[in-house]
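Peer 1: Mind looking over this structure? Questions follow.
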Amino acid sequence: MSSRYLFPSCIDLVNPDTHSGENLVGIFRGLRQKSPIYWYERDEKRFWVVLGNKLGTDILKRPDIFSSKYGNVIDTLLSGGDPAGGKMLAVSEGKRHKEVRIFLAKYFKLANFRDHTASLPSNCIERLKDLTELSQVDIISDYAKYIPLDVISSIMGITDVGMKEELYYLANKSLSDLNDESLSVYYRRQFIYLLSQYLSTLSPGNMVHDLQRSDLELSTEELIYNCYSLFIGGEETTRLTIGRMFYEFATDKMLWRQFKAQRHSCEQAADEFLRVGCSALHVARTVVADCDFQGIRMREGDVVSIWHQSTNYDEEVFSDPYSIDLLRTPNRHLSFSSGPHVCLGANLAKYEIASALEAARSCLGDIELVCDPEHLRSNFLHGYSQLKVKLCQ
Ligand code: HEM
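First residue of the sequence shown: 412, per the numbering used here; consecutive thereafter.
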């Protein structure tokens, strides 16, 4: 590609309000037909916007050119880099990244998280049944929240219910209350303070305890940053995907009937909600040396962002991408990213979403939308902060 296409200046990708709703899916579709990558320049903010699935995948597989070590979301990269760079798995590279990842990956293998998820299917059913007694529920805070929260707390050894709820509240606030950046910083500090208190109460037998005492010799700062990322990674995106699944079922009765009639495993359906939901809107990298990548001239220091509401709908990779196909296979969405930083909790997240799907199929007759949902305000997390529905038996 010789010339570089400019991203339309009327679309403010950095502004969280641009991302409520699904309108960017259609906008990206038109843009993708012309080019898989654009140069964004607006209000002194400059970065590459990758829309093509194949190009995005290729970029994610080349950490030697496109590094995560300065940050992996546009907000931190445009404001001088992530303070956790080199200290937290998602924003470190090379040997340290590999060592910490190998250590943590053990805990996220299906056979190893089974102890923490054994009661999940029956808990989902019980909770849903209780909720059918009510005239309306907020599916996000009354149900979806508990699925990942219970599991990640169990894995991390957070047994105190008050602490669990407090961490959830603070994590939530620090990520989506971007109306006021100083408020987000305040909540993040409170969250980190509470985490550091929890570290001192750890008892043997859980992942964080093992990590703290491992040969990796993590500093307290590294330990806290990694706990922060595991708690947030474990909780936020999964909850949002489950919320999206309830919304789709409540608004598309044909989809709901089709799902109810199917008898196979819910794993594939979970993947399809991950594809359309795009609960992580983008990931970003920094170019570490001038290069010509697939004919695109890039400079050292350029920020490159990959947008899932485009890559997950790319016609080159998905047939009929705008329809929800619960049996879609293969499903090469980038919701979990790709390459060395591919989501560590992907199997766990899929298991949690599939459990929520199984429970909905087995104990709900219908899901009715009570009012329009409220959207989360963020440029990197996508989904509903509130979704009121009536659950019918
Ligand atoms: C719907 C659920 C989830 C989604 C959409 C999601 C999305 C992602 C994405 C996009 C990345 C890659 C970031 C990058 O390339 O820069 C990532 C990495 C990561 N995720 Fe998830 N995630 C989910 C669930 C989980 C769960 C349940 C955990 C477990 C606690 C988790 C822990 C992590 C960690 C630790 C990383 C960093 C991996 C590394 O850099 O090597 N995530 N996730």
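Every residue gets a Cβ at the ideal spot worked out from N, C-alpha and C, and that includes glycine.
1) Using the C-alpha atoms, what's the distance from Ala501 back to Phe747?
2) Given the structure, does Phe514 come close to the ligand HEM, in the sense that its CB is under 8 Å from one of the ligand's heavy atoms?
3) Do you know how far the Cα of Leu442 is from the Cα of Tyr609?
4) Out of Cys702, Cys803, Ile778 and Ala582, which has the shortest C-alpha to C-alpha gap to Met665?
5) Compute the distance between the beta-carbons of Asn758 and Gln679, then report whether it is under 9 Å.
6) For Ser625 and Asp561, I'd like the C-alpha separation in whole angstroms.
7) Hey, quick one: how far does the alpha helix (DSSP H) through Ala681 stretch, first residue to last?
8) For Val461, collect the residues of the same chain with a Cβ closer than 6 Å to its Cβ; drop the 5 residues on either side in sequence, then sort them by chain order.
9) Excluding the 5 residues flanking Arg453 on each side, which residues of the same chain have their C-beta closer than 7 Å to its C-beta?
10) On the criterion of 16 or more Cβ atoms from any shown chain inside 10 Å, does His675 qualify as buried, or is it exposed?
11) Starting from Phe458, follow the beta strand (DSSP E) in both directions and report where the run begins and ends.
12) Between which residues of its own chain and Lys456 is the CB-CB distance below 7 Å, once the five residues before and five after are set aside?
13) Taking 8 Å as the cut-off, is the CB of Asn617 close to at least one heavy atom of the ligand HEM?
14) Quick test of the definition: if touching needs 3 or more C-beta pairs under 8 Å, does the stretch 625-641 touch the stretch 498-518?
15) So, Leu755 versus Tyr658, is the Cβ gap smaller than 9 Å?
16) If you run the structure through DSSP and keep just helix, strand and coil, what is Asp549?
17) Check whether the stretch 757-776 touches the stretch 501-517, taking contact to mean three or more Cβ pairs, one atom from each stretch, closer than 8 Å.
18) Thr543 by DSSP, collapsed to three states: which one?
19) Taking only heavy atoms of the ligand HEM into account, decide whether any of them is closer than 8 Å to the Cβ of Ser690.
20) By a C-beta neighbour count over all protein chains shown, 10 Å radius and 16 as the cutoff for buried, is Cys782 buried or exposed?
21) Going by C-alpha to C-alpha distance, which of Lys801, Cys702, His744 and Thr612 sits closest to Thr722?
22) Distance, Cα to Cα, Pro845 vs Tyr604?
23) How big is the Cα-Cα spacing for Lys575 and Lys801?
24) Suppose the cutoff is 7 Å on Cβ atoms and the five residues either side in sequence are ignored; what does the same chain contact list for Ser478 look like?
25) Buried or exposed for Gln444, going by 16 or more other Cβ atoms inside 10 Å?
26) Which partner residues does Ser478 have in the DSSP bridge list?
27) Report yes if the CB atom of Tyr762 is closer than 9 Å to the CB atom of Met618, and no otherwise.
28) Near Asp621, what residues of its chain come up, given a Cβ to Cβ distance below 6 Å and the 5 sequence neighbours on each side ignored?
29) Looking at Leu787: is its Cβ nearer than 9 Å to the Cβ of Ser431?
30) Where do the ends of the alpha helix (DSSP H) carrying Val511 lie?
31) Tell me whether the beta-carbon of Gln720 lies closer than 9 Å to the beta-carbon of Val484.
32) How is Ser607 classed by DSSP in three states: helix, strand or coil?
33) Hey, would you say Val715 sits closer than 9 Å to Ile470, going by beta carbons?
34) When the Cα atoms are used, what is the spatial distance from Asn790 to Cys803?
35) If you drop the 5 nearest sequence neighbours on each side, which residues of the same chain put their C-beta closer than 6 Å to that of Ser585?
36) Whose C-beta lies closer than 6 Å to the C-beta of Asn464 among residues of the same chain, with five residues either side of it excluded?
Peer 2: Reading off the structure:
1) One-based indexing of the sequence shown puts residue 747 at position 336. One-based indexing of the sequence shown puts residue 501 at position 90. Computed Cα separation, rounded: 12 Å.
2) In the sequence shown, the residue the question calls residue 514 occupies position 103. Not under cutoff, so the answer is no.
3) Sequence index remark: in the sequence shown, residue 609 carries index 198 (1-based). Sequence index remark: in the sequence shown, residue 442 carries index 31 (1-based). Taking the straight line joining both Cα atoms gives about 47 Å.
4) As a working note, residue 665 is residue 254 in the sequence shown. For the residues Cys702, Cys803, Ile778 and Ala582, the minimum Cα distance to Met665 belongs to Ile778.
5) Taking the first residue of the sequence shown as position 1, residue 758 is located at position 347. Taking the first residue of the sequence shown as position 1, residue 679 is located at position 268. Not a contact, by the Cβ cut-off of 9 Å.
6) Within the sequence shown, numbered from 1, the residue matching residue 625 stands at position 214. Within the sequence shown, numbered from 1, the residue matching residue 561 stands at position 150. Rounded to whole angstroms, Ser625 to Asp561 spans 25 Å at the Cα level.
7) Sequence index remark: in the sequence shown, residue 681 carries index 270 (1-based). Glu678 to Gly688 is the span of the alpha helix (DSSP H), which, as asked, contains Ala681.
8) In the sequence shown, residue 461 corresponds to position 50, counting from 1. Excluding its 5 nearest sequence neighbours in each direction, Val461 has C-beta neighbours in its own chain below 6 Å: Ile448, Gly467 and Ile717, listed in chain order.
9) For the purposes of this step, residue 453 is identified with residue 42 of the sequence shown, where counting begins at 1. Same-chain partners within the cutoff: Ser420 and Asp423.
10) Taking the first residue of the sequence shown as 1, we reach residue 675 at position 264. Exposed, since its Cβ has fewer than 16 Cβ neighbours within 10 Å.
11) As a first step, residue 458 must be located in the sequence shown, where it is residue number 47. Per DSSP, Phe458 belongs to the beta strand (DSSP E) from Lys456 to Val461.
12) The residue labelled residue 456 in the question sits at position 45 within the sequence shown. So the list reads Val425 and Leu489, once near-sequence residues are dropped.
13) Here residue 617 refers to the residue found at position 206 of the sequence shown. No.
14) yes
15) Counted from its first residue, the sequence shown places residue 755 at position 344. Counted from its first residue, the sequence shown places residue 658 at position 247. Their beta carbons are not under 9 Å apart, which means Leu755 does not touch Tyr658 by this criterion.
16) As a working mapping, residue 549 is identified with position 138 in the sequence shown. Strand, per DSSP.
17) no
18) In the sequence shown, counting from the first residue as 1, residue 543 sits at position 132. Of the three classes helix, strand and coil, the one that applies to Thr543 here is coil, per DSSP.
19) Here residue 690 refers to the residue found at position 279 when the sequence shown is read from its first residue. Yes; taking the cut-off as 8 Å, the Cβ of Ser690 has a heavy atom of the ligand HEM nearer than that.
20) Looking up residue 782 in the sequence shown gives position 371. Classification for Cys782: exposed.
21) To locate residue 722, count along the sequence shown from 1; it is residue 311. Residue His744 is the option with its Cα nearest to Thr722.
22) Only positions 412 to 804 of the chain appear in this structure, which leaves residue 845 out of reach.
23) What you label residue 575 is simply residue 164 of the sequence shown in a count that begins at 1. What you label residue 801 is simply residue 390 of the sequence shown in a count that begins at 1. C-alpha separation (whole angstroms): 27 Å.
24) Here residue 478 refers to the residue found at position 67 of the sequence shown. Same-chain partners within the cutoff: Glu504, Arg696, Thr697 and Val699.
25) Looking up residue 444 in the sequence shown gives position 33. It is exposed - the Cβ of Gln444 has fewer than 16 other Cβ atoms within 10 Å.
26) Sequence index remark: in the sequence shown, residue 478 carries index 67 (1-based). According to DSSP, Ser478 bridges with Thr697.
27) Stepping through the sequence shown from its first residue, residue 762 is reached at position 351. Stepping through the sequence shown from its first residue, residue 618 is reached at position 207. Going by C-beta atoms, Tyr762 is not nearer than 9 Å to Met618.
28) Position 210 of the sequence shown, counted from the start, is the residue given in the question as residue 621. Taking C-beta separations shorter than 6 Å and ignoring five residues to either side along the sequence, Asp621 has no partners in its chain.
29) In the sequence shown, residue 787 corresponds to position 376, counting from 1. In the sequence shown, residue 431 corresponds to position 20, counting from 1. With respect to Ser431, Leu787 sits close: the two C-beta atoms are nearer than 9 Å.
30) Counting from one through the sequence shown, the residue named residue 511 turns up at place 100. Membership of Val511 in the alpha helix (DSSP H) is indicated by the continuous run Gly505 to Ala516.
31) To locate residue 720, count along the sequence shown from 1; it is residue 309. To locate residue 484, count along the sequence shown from 1; it is residue 73. Going by C-beta atoms, Gln720 is not nearer than 9 Å to Val484.
32) Here the question's residue 607 lines up with position 196 in the sequence shown. Helix, per DSSP.
33) Indexing the sequence shown from 1 puts residue 715 at position 304. Indexing the sequence shown from 1 puts residue 470 at position 59. Closer than 9 Å, so yes.
34) On the sequence shown, residue 790 is found 379 positions in, with the first residue counted as 1. On the sequence shown, residue 803 is found 392 positions in, with the first residue counted as 1. One C-alpha to the other measures close to 34 Å.
35) Within the sequence shown, the letter at position 174 stands for residue 585. Taken in chain order, the residues that qualify are Ser595, Tyr598, Arg599 and Phe602.
36) Locating residue 464 in the sequence shown gives position 53, counting from the first residue. Thr722, Asp725 and Val728.
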